[in-house]
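Taking my numbering, I'd label the letters of the sequence shown as residues 3 to 422.
For each residue, glycine too, the CB sits at the ideal point set by N, CA and C.
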Amino acid sequence: MNCLKLCRLFSKAHKLAEPIENIKSMIFTIANDRPGQLKDALEAFAAYNVNISHIASKPAEILDFRKGYDFKVDIEVSDEAKLKRVLKHLDKLGFKTTILNSKQVPWFPRSFEDLDSLDQACMAAGAELESTHPGFNDQTYRQRRAEIAKVAMGYKLSDPKVPIVHYTDQEIETWQTAYRALDPLHKAHACDEYNTAVEEFRKHCNFREDNIPQLQEINEYLIPKTGFRLKPITGLLTQRDFLNFLAFRVFASTQYIRHHSVPFYTPEPDIIHELIGHAPLFADPDFADFSQEIGLASLGVSDEEIAKLGTCYWYSVEFGIIKKKNGERKVYGAGILSSVDEIKNAVSDKPEIRFFEPLKAAHVPFPITSLQPLYYWSNSFEEAKMEMEDYAWKVPRDVSVSYDKFDHTIKVHQDITMKK
Ligand SMILES: [Fe+2]
């Protein structure tokens, strides 16, 4: 019997995700496998209205040479008495049962409210600048960054509108300089999906060389299109938090702009990198799914796995390439699309180009302060997504989750405890 179908059969519609303390994991063993036994066992859960959120099976190890199967099920039950009744029922039917201890996993967000709390945690980081930053000694620039960060402070994903930033003439001039240099390169070397999305941004989001669009304007276009949205943040998030945001189809975006003295360079993400590099492709359904796939794979996994996923993100969302059937390279990574030098480098014969296989790419180190010596290519976003799905399936993890797009929550299907 198809276990996935069984899960659906016994699943109920939930307005909100089940509290994780109500999820228990157990194993029941079927010996002398004969038709109808699994059905009998599952009816014991149905009889007491206990929902099964996840089920998996494997051959049982020792059963006196008889054929048998262990079924691991995750159930949603808030009432201990109900659980006892199910166990008694299974016992009567002759099934051996074992309640499993919950697994401990790193804390991860399960709602928009949780994402808002993550952003609060990075507040202090936004005020700091490295001594090598071009604006380090410019007090006016630093004060302006603090002002822009203040606009994002307190914004919550449930708020109806992202607050407006009134950019100065000098900031618009920096944007314009970068925009004018990048635009012809995009027309020549960006992937078709990017150029199509930019045309739409121009029509609907005030995306122009003489105007820095507001995140609200971008969201009004993106949300109905693919469900992706930009959330203004005040400083840089940790790699784990940043990837976790993507699981909710939320991109954590800075709003400040690079120092006016270096319009073609920034040592960190800024509004040019976010809006010219990242935002347009979130309008593409395959790219949006692909980005969320990386986010979902990052929930509750170890630091080591986060680092590998971060590397996959680097080689795709930041520096990915699509190779067309005629062999022509088209760029889609935001780190390329937002840098004149990086675009020229990516389409030249200098760098090495490899096919994007996350299992291999996840282990390959990369430079962050120089042009990339290596890029990974895919035939399409759909293919990149399938590769990531395959990788995500293999990531060692103690928790199974799914995203509920109607209430923007992560549903947990296994018995876990979360450690901050
Ligand atoms: Fe980026």
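Query	Result
N221, buried or exposed, once every other Cβ within 10 Å from all chains shown has been counted against 16	buried
Same chain, Cβ closer than 7 Å to L283, neighbours up to 5 away in sequence not counted	E195, Y196, A199, F289, Y334
The alpha helix (DSSP H) enclosing N53, as first and last residue numbers	Where N53 is concerned, there is no enclosing alpha helix (DSSP H), although the beta strand (DSSP E) it sits in stretches over 53 to 61.
Beta-carbon proximity of V107 to I418, cut-off 9 Å	yes
First through last residue of the beta strand (DSSP E) which encompasses L301	Per DSSP, L301 belongs to no beta strand (DSSP E) and is neither H nor E.
Nearest candidate by alpha-carbon position, reference P226, set T236, P287, S341, I259	P287
Q416 and D400 closer than 9 Å at C-beta	yes
Cβ-based neighbour list, V303, same chain, cut-off 8 Å, excluding 5 preceding and 5 following	V107, P108, L311, V397, P398, R399
Cβ neighbour criterion (16 or more within 10 Å) applied to F358	buried
Reduced DSSP category for D406 - H, G, I as helix; E, B as strand; rest coil	strand
Nearest-angstrom Cα separation, counted from I150 out to P265	18 Å
Where N246 falls, given that 16 or more other Cβ within 10 Å makes a residue buried	buried
Which listed residue (V366, K387, L376, P360) has its alpha carbon closest to that of S350	L376
Spatially closest choice to I57 from K26, D81, G70, by CA coordinates	K26
Ligand 1 heavy atom lying under 8 Å from the CB of E276	yes
Contact test: V342 Cβ vs ligand 1 heavy atom, cutoff 8 Å	no
Selected residue, minimal CA-CA separation from A180, among H261, I370, T142, I77	H261
Environment of S133 [buried if 16+ CB atoms lie within 10 Å]	exposed
Beta-carbon separation (whole angstroms), F167 vs Q216, contact threshold 8 Å	A small fix is needed here, since residue 167 is Val in this sequence, not Phe. So it is a contact: roughly 7 Å between Cβ atoms.
Contact between the region 337 to 355 and the region 205 to 213 (3+ Cβ pairs under 8 Å)	no
Near ligand 1: P234 beta-carbon under 8 Å from a heavy atom	no
Closest residue to V52 among C193, G279, P367, A83 (Cα-Cα distance)	A83
Alpha helix (DSSP H) runs contained entirely in the region 118 to 184, provided each spans 4 or more residues	141 to 154
Between the CA atoms of G322 and W316 - distance to the nearest angstrom	8 Å
Selection from E219, A190, I235 that minimises the alpha carbon distance to K158	I235
Cβ contact check for the region 30 to 43 and the region 89 to 107: 3 or more pairs under 8 Å	yes
Three-way DSSP call (helix, strand, coil) for D400 in this model	coil
Near ligand 1: P271 beta-carbon under 8 Å from a heavy atom	yes
H280 beta carbon near ligand 1 (any heavy atom closer than 8 Å)	yes
Whole-angstrom distance between Y71 and A62, CA atom to CA atom	4 Å
Selection from I259, A386, F408, S372 that minimises the alpha carbon distance to R147	I259
Backbone CA spacing between I54 and N328 [nearest angstrom]	49 Å
Collapsed DSSP secondary structure at R242 in the structure displayed	helix
Backbone secondary structure at N103 - three-state DSSP	coil
Complete alpha helix (DSSP H) runs within the region 271 to 300 (minimum length 4 residues, chain order)	287 to 299
With 16 other Cβ atoms within 10 Å as the buried cut-off, status of Q374	buried
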